[in-house]
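To keep things clear, I will list the structure first and then write my remarks on it.
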Amino acid sequence: LLLVFGHVDIVVRETFPDSRVVSDIVEVVTNELNSRGFTADNTLFSASVCPDEINHAYNNLSQMFTRAWGECFQMGGLAGVPFSGQTGFGAFSAHVPTDGNLFILYAPHIGISPTGEFGLYARAGQDNTCGTACGSAIAAHKHITNGGSVPDFAHLGEYPHDYQQQWIISKLAGRMDVINKADNKMVELTKQMYSIIEDFIHHIVSSDQIPGSTALLGGIHINTPSPLEDFFWPLSFEIYNRGAPKVDVLHKLRRDLGANGNSTPIASDMVTKLLVRTLSTMQDDDPDGVTMSLKCTSPRPDRVEEEECPFTDEKIDDEN
Ligand SMILES: [Zn+2]
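Here it is, written out as structure tokens:
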């Protein structure tokens with residue numbers, strides 16, 4: 146177990162050097178916001194994350210934030226894009242407590258298999274196989290790679306039953322060169338999704354509608370094999386106050402997390418800490434129960450020889 150977790154830990158930290166386990170993120174971010182007057186009573190939390198169930202487990206990021214702040218307004222559609230849009234934000238902002246604050250998390254996600262392969266995730270109950278994560282983003286990438294049609298943004302109305310995925314395809318099409326030149330296409334795909342989501346968020350969030358402060362936390366959520374705790378890579382942490390310049394607190398967040406851009410993997414004591422914490426959390430807090438099993442310890446045979454796109458045989462039609 147420790148060897149598998151240690152390998153995943155090393156790969157995640159080499160790829161996302163300032164990422165931290167989600168419980169550390171929740172603790173440090175909550176403390177920072179508390180110090181700035183955000184409390185559970187005066188703050189409404191919203192999350193723009195992919196509806197994929199692996200992002201909404203009891204001990205995962207959005208659920209822990211929801212328990213810390215009391216409730217959650219879900220803004221996210223496929224891949225974590227805030228498809229609820231300006232109307233959703235308008236409703237959300239109207240629900241803020243009197244003189245209260247908003248806290249918004251936005252994050253695309255990427256799975257990592259027990260063998261350290263990004264874009265794959267070993268789901269509970271699917272022994273010996275890995276599915277994709279984020280399935281929506283990877284399906285869009287695969288669609289374009291295979292020469293599928295790219296919908297004209299102005300004509301998304303032609304896809305009334307799949308407009309979210311068509312929108313993602315239309316947005317990713319212009320970023321394929323960057324993605325396909327990267328050493329790790331799945332990692333770059335996720336970074337490009339982050340850029341798309343961040344741009345969308347800044348178009349719909351208006352701090353002028355909020356009586357108090359608006360905090361925006363953005364980053365990449367890394368889904369690790371169970372029972373290892375998931376990681377989050379913070380990329381933006383900003384606080385807006387009506388009529389005042391924004392306050393950038395990302396540097397302070399990274400400092401408080403002990404992040405310093407050092408990609409050197411942390412030794413086995415960190416892995417042990419993760420394992421002990423995860424196991425104790427499973428016993429104490431998880432009402433759903435988490436089966437402790439390691440799946441997909443080797444890639445599926447049909448994936449081994451594929452170098453250009455390892456997901457060409459993946460069944461992703463019904464995944465997020
Ligand atoms: Zn997803």
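No gaps in the numbering here: position 302 of the sequence shown is 447 in the numbering used here, and each next residue is one more.
The C-beta atom is built at its ideal place from N, Cα and C for all residues, glycine as well.
Note that this is a predicted model, so its numbers are computed, not measured.
When only Cα atoms are considered, V241 and Q219 end up about 14 Å apart. Just so you know, the alpha carbons of L148 and N368 end up roughly 18 Å apart.
The criterion of a C-beta distance shorter than 9 Å is not satisfied by I355 and Y308. Selection S358, D401 and L362 evaluated against P390 yields S358 as nearest (Cα-Cα). Just measuring C-alpha positions, the residue of N325, W378 and L146 sitting nearest H366 is W378. Taking C-beta atoms under 8 Å as the contact rule, S193 and P227 qualify, at a distance of about 4 Å. A residue is called buried once 16 or more other Cβ atoms fall within 10 Å of its Cβ, and A269, having fewer, is exposed. Secondary structure of V295 (DSSP, three-state): coil. Secondary structure note for E383: its beta strand (DSSP E) is the uninterrupted segment F376 to N386.
Counting along the chain, H254 sits inside the beta strand (DSSP E) bounded by residues H254 to G256. Inter-segment contact for the segment 243-257 and the segment 173-189 is present: three or more beta-carbon pairs are separated by less than 8 Å.
Taking 8 Å as the cut-off, one finds at least one heavy atom of ligand 1 near enough to the beta carbon of N200.
With the rule of 3 Cβ pairs closer than 8 Å, the segment 255-269 counts as touching the segment 152-165. Around I314, the same chain offers A285, H288, I289, V295 and P296 as residues with beta carbons nearer than 7 Å, after the five sequence neighbours per side are excluded. A direct Cα-to-Cα measurement between T277 and G388 gives close to 43 Å. Here Y308 carries a helix assignment [DSSP, helix/strand/coil].
The three-state reading of DSSP puts H152 in helix, counting H, G and I together.
Excluding its 5 nearest sequence neighbours in each direction, V173 has C-beta neighbours in its own chain below 6 Å: D401 and L402, listed in chain order. In this structure, V171 sits near F210, with a CB-CB distance shorter than 9 Å. Looking only at G302, P370 and S381, the smallest Cα-Cα distance to L146 is reached by P370.
Secondary structure of N205 (DSSP, three-state): coil. Chain order is used for the residues whose beta-carbon lies nearer than 7 Å to a heavy atom of ligand 1, namely C195, D197, L223, A224, G225, H254, A278, C279, G280, S281, A282 and N465. In the DSSP assignment, N368 falls within the beta strand (DSSP E) that extends over S358 to N368.
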